[in-house]
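So for the sequence shown, my numbering puts the first residue at 31; every next one is plus one. Virtual Cβ for every residue (Gly too), placed ideally from N, Cα, C.
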Amino acid sequence: MTLDQIIRQKNGRVISRFPDTPITEIIGTMRAENIGAVVIVHADGGVAGIISEREIISALNRHGAAAMKLFAQDIMVRDLPLVRSDEKLQNVVALMTRMRLRHMPVVDGPHLVGILSIGDVLASRLEERNEENAVLRDMARWRLAIAA
31 MTLDQIIRQK
41 NGRVISRFPD
51 TPITEIIGTM
61 RAENIGAVVI
71 VHADGGVAGI
81 ISEREIISAL
91 NRHGAAAMKL
101 FAQDIMVRDL
111 PLVRSDEKLQ
121 NVVALMTRMR
131 LRHMPVVDGP
141 HLVGILSIGD
151 VLASRLEERN
161 EENAVLRDMA
171 RWRLAIAA
């Protein structure tokens, strides 16, 4: 499965917010949507950064309850790699592993088109393995039928 196929399978729905979004709203969105990260975008759709559970925990550790008065721009990761939807999945997985990232924004030109999570990668790999196993089982049955 390609990166583009994985992104399309997610129905093109990307949860994003603007840099001036309150952290409380980011947390509410993550909880309501059952997601681990929110991409922060500029008004023109370009990626400004990302906020994951990791950034929220870090902000709480640094600021205590005052973290709830911060905005996305205050805690987002700004210098994050972006990948194109036509990038090879194995290259993206290698990058995510090397950088210890669980979420990777996917762009088409300057615009956000999706976000790849490590869970998406695992689901894709599991689907591929199940398909391979089904083919191998069919081949084994066919050989047994011929031998009989």
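Which of the three DSSP states, helix, strand or coil, is assigned to His133? strand
So, are the CB atoms of Met11 and Val151 less than 7 Å apart? Outside the displayed range of the chain (31 to 178) lies residue 11, so it cannot be described from this structure.
Could you check what DSSP says for Gly139 in three-state terms: helix, strand or coil? coil
Which class does Ser115 belong to by DSSP, given the choice of helix, strand or coil? coil
Whole-Å CB distance - Ile53 paired with Leu100, under 8 Å assumed: 5 Å
Arg108 in three-state terms, based on DSSP: coil
Rounded to whole angstroms, what's the CA-CA distance from Ala177 to Arg171? Just pull it up for me. 10 Å
Tell me Ile145's beta-bridge partners as DSSP assigns them. Pro135
What first and last residue would you give for the alpha helix (DSSP H) that runs through Ala62? 53 to 63
Helix, strand or coil: how does DSSP classify Val151 here? helix
Please name the residue, chosen from Ser115, Val107, Ala96, that lies closest to Ile80 on a Cα-to-Cα basis. Val107
Taking Gly149 as the reference, give the member of Ala89, Met126, Glu85 with the closest Cα. Met126
Enclosing beta strand (DSSP E) for Ala97 [first to last residue]: Run containing Ala97: none; DSSP gives neither H nor E here.
Determine the burial state of Gly144: buried for a count of at least 16 other Cβ atoms within 10 Å of its Cβ, exposed for fewer. buried
Got a sec, what are the start and stop residues for the beta strand (DSSP E) Ile81 sits in? 77 to 82
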